[in-house]
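Undergrad: Residue numbers -29 to -1, 1 to 672, in mature numbering (1 follows the signal peptide of the UniProt record, and there is no 0), belong to the letters of the sequence shown in order. Every residue, glycine too, gets a C-beta built ideally from N, C-alpha and C. Since we're looking at a predicted model, the values are computed, not measured. Please see the structure below; I have some questions.
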Amino acid sequence: MTAATGKTATLGLASTTVALLLFARPCCALPQVPPCSVPPPEIDNGYYVEVKEERLALYHCNEEFWLKGPANLTCVSSTEGEDIWLPKRGPECLENKDCPLVDLKHGGYEGECCAPNDNVTFFCDDEERYYLLGAEEATCQANGTWSLPIPTCEDTYCPDPGVSPEGDRLIVLANEEYEGECCPPETTIYYECKDGYNLEGEKKIRCGLNRTWSDRRPMCRPKDACDHFDVVHGQVSGQKSGGEFFKLGDSAFVTCDRGFRVKGTDQLYCDEDGLWNDDIPTCVESNCTRFEPGPHLQVDEFKDMHKTQFTEGTFINFRCEDGYLLEGALSSVCSNGGWYGRMPKCKQIRCGSLRAPRNGWITSNYSTAVGDTASFGCFQGYVLMGSDRRRCDNDGQWNGTPARCVPKRIMEARDRHGCLDPGAPDNGFQLRRTNFQVGSDVTFACQPGYHMRGNATISCREDKEWSAAVPLCIGKFYYDKRRFAGRTLSDVAAKIPAVNASRHFVYFLFDASASIGPTNFQTSINLAKAIARKVNVTTRGHRVGAIVFTKDARLEINPLDVDSGNVVLQKLGEIQYTSGGTSISEALKTLRDNIADVEGRYREDTKFSAFLISDGKANIGGNAYTEADALKRHRVEIYCIGITGQRNDEELNRLATKEENVYILRNCDALQRLAEMLTNGTVDEPDSNVQRYNVCSLSGK
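As structure tokens, this is what we get:
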């Protein structure tokens, strides 16, 4: 093809660059490199020129577009012997953008503005007072940025120092009284006070060439006033009955800048003898100190043993040793010299108690902690079905399947007896037991403190197999294995682009409440990016929306406005954590309102999916079931991704369209690894080549 088609160009019509490459060959023949076995990747709104003997592809953009990323790709052979083009993340042709308008205070510009290739020249309004600091001219680039930073017009005048309410001043320049705008260099100001007031400070001050005064402006002090004072890194406030001074009965209040705290008293009283009632306070850095975490509790930011002080606003993140579950806050922040909130605890993960199978035995140490094992066997005349050895895993579940002992005579005559006894789930039991003949049902129930995942009732089919597996009775320690969650979520995302007859709208609902914390929130964003990459977002194709909620909800990405996958990723990366209460109902209401807007614009068949990423612990706005049920009746497929160690699993199960749509993830690491699995290890920003593998160990500073 040619450049006009926006695809490729043949070598015979290659650019001057290609010709130079051809004529630059050495005189002596070299072994021929085989051409690449696969064509270079196509580029939208551009084309490439392939130099086959160099195994190179040179990329160019059509008019009105600019090239982002590498201009050349190289064909190399992988370890498996297959040809691939590198780097994997190739170039893009993006539409040209206008540059932002020039806003030069005390100045302006000359020239056309502000389309690509426009050149502007800068100037200052009053060249005697202002001078240009920075570039004299700049060109608007195709990516919408100026070639050089916009300069500033710097003032040469000293700022007006003012005058005491109980005083007066005389401004002199070149030995004459000056009445113009204050204050040019070399200006001198003379001060005096009214009767009953004493001048405190220098009688005259002079404006230097560097825009600074030779001294602070003097003040007029009443005879019974307390001493004036300033606080470094802080402010002094209060009602001053003596003009610029505190007098008898006045109170001075001291506050510190962010990152500092008051050392001493923050309120002083001016006594009748003109003295403050206490020492003048100071503002010192409000650092927090390292502490010894509780049993089995770990703090990521404390791994550096030499760091003992942490500045104001620093976040620390908590986790537990293997075999323990975090109960309480996921993170804390340094505030006013202390760590905010109560410290969490680590609770030992335990699996439920196991029983010996009927007509069999169990051998164990009677412990149900992670790593403990139990062995099973059957009495004479019975055959063991299920696992003969089981181990307690980190999810609070025993691995393998429940053991049961089936009579040999039934095994030998199975064709006549129907299905085998399916047994009962761990931490559960058979609620309604039958003779297991074809057509019969078995119903299960869970013990208190556990809830069922799977089918409560299974049937014996004609092939003498049960219609479904025995369900699980899961407790608060349960979580989905990353590989299972990754595989099923990939399947869900993969089905969306496959739907050609329907436009699919995919929404992400992010819980930004205090119980989630900034680290889990950022990792939720990464997971959403991983899923969004698998959705083909185009003008006529699918769309992605995003809602962030705390005590209220806001639509961060309106799918009606965004028709590019790259823009979706960029906007997801711009979403900020806020903290606060949790109202899932507000999030679902915002979702329902936007779906109504979508249906108002698109009359054709449209499908909707929503991924709620939350711990399910709503504390504002009442239950969300009404909104969720309304969305389900509207054929919205709701998926719930439960995060943090303290979730409301029952809430998440009730909100999801069906049980299979609930994914329970233990912590930030599991969430991050799932995101990397869905994107082959890459959860990077759309405008960066830096991969973010360690977001779970990032602090706020």
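1) Give the range of the alpha helix (DSSP H) segment to which Ile502 is assigned.
2) Since Arg229 is in the beta strand (DSSP E), which residue starts that stretch and which ends it?
3) Is the stretch 40 to 58 close to the stretch 68 to 78, with three or more CB pairs under 8 Å?
4) Starting from Glu383 and walking both ways along the alpha helix (DSSP H), at which residues does that stretch end?
5) In whole angstroms, give me the CA-to-CA distance for Phe231 and Ile14.
6) Considering only C-alpha positions, which residue in the set Arg26, Asn146, Arg326, Arg424 is nearest to Cys376?
7) Whose C-beta lies closer than 6 Å to the C-beta of Ala558 among residues of the same chain, with five residues either side of it excluded?
8) Can you say whether Met382 is buried or exposed, counting buried as having 16 or more other CB atoms within 10 angstroms of its CB?
9) Is Asp249 buried or exposed, if buried means 16 or more other CB atoms sit within 10 Å of its CB?
10) Return the chain-ordered list of same chain residues with a C-beta closer than 7 Å to the C-beta of Asp139, the five sequence neighbours on each side being excluded.
11) Candidates Pro252, Asp242, Lys603, Ser222: which alpha carbon is nearest Lys234's?
12) Could you tell me which uninterrupted beta strand (DSSP E) segments, each at least 3 residues in length, are contained entirely in the stretch 573 to 599, listed from first to last along the chain?
13) Start and end of the alpha helix (DSSP H) containing Leu44?
14) For the beta strand (DSSP E) holding Asp126, just list the boundary residues, first then last.
15) Using the beta-carbon count (16 or more within 10 Å), is Trp310 buried or exposed?
16) Consult DSSP for Pro264 and reduce its assignment to one of helix, strand or coil.
17) Just how far apart, CA to CA, sit Phe(-7) and Leu44?
18) Using the C-alpha atoms, what's the distance from Pro10 back to Ile55?
19) Report the CB separation of Pro396 from Pro373 in whole angstroms; it is logged as a contact under 8 Å.
20) Name the one or two DSSP bridge partners that residue 691 has.
21) Any idea which residues DSSP pairs Met423 with across the strands?
22) Could you check if Trp332 is buried or exposed, using at least 16 other CB atoms within 10 Å of its CB as the buried criterion?
23) Using a Cβ-Cβ cut-off of 8 Å (strictly less than) and excluding sequence neighbours within five positions of Tyr596, which residues of its own chain qualify?
24) Can you give me the C-alpha to C-alpha distance between Gly40 and Glu263, rounded to a whole angstrom?
25) Give the list of continuous beta strand (DSSP E) stretches no shorter than 3 residues that lie fully inside the stretch 395 to 422.
26) For the alpha helix (DSSP H) that Val539 lies in, which residues bound it at each end?
27) Curious, which full-length beta strand (DSSP E) runs of at least 3 residues does the stretch 34 to 85 contain?
28) Please state whether DSSP places Arg361 in a helix, a strand or coil.
29) Could you give the DSSP three-state label for Gly167: helix, strand or coil?
30) Could you say which of Val515, Ala499, Gly488 lies nearest to Asn288 if we only look at CA atoms?
31) What's the gap between the Cα of Asn258 and the Cα of Thr279?
32) Once you ignore the five residues that flank Gly551 on each side, which residues in its own chain have a CB closer than 8 Å to its CB?
33) Roughly how many whole angstroms lie between the Cα atoms of Ser302 and Ile320?
34) Restricting to Cα atoms, I'd like to know which of Ser430, Ile635, Ser338 is closest to Cys611.
35) Can you tell me where the alpha helix (DSSP H) with Leu623 in it begins and where it stops?
36) So, under 8 Å CB-CB, Lys435 and Val409 are touching, yes? Tell me the CB distance rounded to an integer number of Å.
TA: According to the data block:
1) For the purposes of this step, residue 502 is taken as the residue at position 531 of the sequence shown. Start and end: 488 to 503.
2) By one-based count along the sequence shown, residue 229 stands at place 258. Here Arg229 belongs to no beta strand (DSSP E), and DSSP marks it neither H nor E.
3) Counting Cβ pairs under 8 Å, fewer than three are found: no touch.
4) As a first step, residue 383 is located in the sequence shown; it is residue number 412 there, counting from the start. Taken as a continuous stretch (DSSP letters only), the alpha helix (DSSP H) holding Glu383 covers 379 to 383.
5) The residue you call residue 231 lines up with position 260 of the sequence shown. The residue you call residue 14 lines up with position 43 of the sequence shown. Those two C-alpha atoms are separated by around 53 Å.
6) Taking the first residue of the sequence shown as 1, we reach residue 376 at position 405. With distances taken between Cα atoms, Cys376 lies closest to Arg326.
7) Here residue 558 is taken as the residue at index 587 of the sequence shown, counted from 1. Leu480, Ile518, Phe520, Ala524, listed in sequence order.
8) The count along the sequence shown starts at 1 and reaches residue 382 at position 411. Met382 comes out exposed.
9) Locating residue 249 in the sequence shown gives position 278, counting from the first residue. So Asp249 counts as exposed.
10) Here residue 139 corresponds to residue number 168 of the sequence shown, with the count starting at 1. Answer for Asp139: Glu163, listed in chain order.
11) As a working mapping, residue 234 is identified with position 263 in the sequence shown. The shortest C-alpha separation from Lys234 is found at Pro252.
12) 577 to 585
13) Counting from 1 along the sequence shown, the entry for residue 44 is found at position 73. Unbroken run through Leu44 is the beta strand (DSSP E), 43 to 48; no alpha helix (DSSP H).
14) Residue 126 sits at position 155 when you count from the first residue of the sequence shown. That run of the beta strand (DSSP E) goes 123 to 126.
15) As a position in the sequence shown, residue 310 is number 339, starting the count at 1. Result: buried.
16) The residue given as residue 264 occupies position 293 in the sequence shown. It is coil, neither helix nor strand.
17) Within the sequence shown, numbered from 1, the residue matching residue -7 stands at position 23. Within the sequence shown, numbered from 1, the residue matching residue 44 stands at position 73. Legend: pLDDT at Phe(-7) = 43, less than 50; position of this residue unreliable, no value from coordinates given.
18) Locating residue 55 in the sequence shown gives position 84, counting from the first residue. Locating residue 10 in the sequence shown gives position 39, counting from the first residue. So the two alpha carbons sit approximately 9 Å from each other.
19) Mapped onto the sequence shown, residue 396 falls at position 425. Mapped onto the sequence shown, residue 373 falls at position 402. Their Cβ separation, rounded to whole angstroms, is 7 Å, which keeps Pro396 and Pro373 in contact under 8 Å.
20) Absent from the structure is residue 691, since the part of the chain shown begins at -29 and ends at 672.
21) Start at 1 with the first residue of the sequence shown, and residue 423 comes out as number 452. Looking at the DSSP assignment, Met423 forms a beta bridge with Cys444.
22) In the sequence shown, the residue the question calls residue 332 occupies position 361. Burial call: exposed.
23) Position 625 of the sequence shown holds residue 596. Excluding sequence neighbours, Tyr596 sits near Arg625, Leu626.
24) As a working mapping, residue 40 is identified with position 69 in the sequence shown. As a working mapping, residue 263 is identified with position 292 in the sequence shown. Roughly 47 Å between the two C-alpha positions.
25) 399 to 403, 412 to 417
26) The count along the sequence shown starts at 1 and reaches residue 539 at position 568. Val539 -> alpha helix (DSSP H) spans 536 to 545.
27) 36 to 39, 43 to 48, 54 to 57, 63 to 66, 78 to 81
28) Along the sequence shown, one-based indexing puts residue 361 at 390. Reduced to three states, the DSSP call for Arg361 is strand.
29) Residue numbering aside, residue 167 sits at position 196 when the sequence shown is read from its first letter. Three-state result, Gly167: coil.
30) Taking the first residue of the sequence shown as position 1, residue 288 is located at position 317. Here the closest residue by C-alpha is Gly488.
31) By 1-based counting over the sequence shown, the position of residue 258 is 287. By 1-based counting over the sequence shown, the position of residue 279 is 308. C-alpha separation (whole angstroms): 10 Å.
32) Counted from its first residue, the sequence shown places residue 551 at position 580. Ala483, Ser484, Ala485, Thr521, Lys522, listed in sequence order.
33) In the sequence shown, counting from the first residue as 1, residue 302 sits at position 331. In the sequence shown, counting from the first residue as 1, residue 320 sits at position 349. Approximately 21 Å, taken between the alpha carbons.
34) As a working mapping, residue 611 is identified with position 640 in the sequence shown. Among Ser430, Ile635, Ser338, the Cα nearest to that of Cys611 is on Ile635.
35) Along the sequence shown, read from residue 1 onward, the residue named residue 623 stands at position 652. Unbroken alpha helix (DSSP H) run through Leu623: 620 to 626.
36) Locating residue 435 in the sequence shown gives position 464, where the first residue counts as 1. Locating residue 409 in the sequence shown gives position 438, where the first residue counts as 1. Contact flag correct, Cβ pair sits at about 7 Å.
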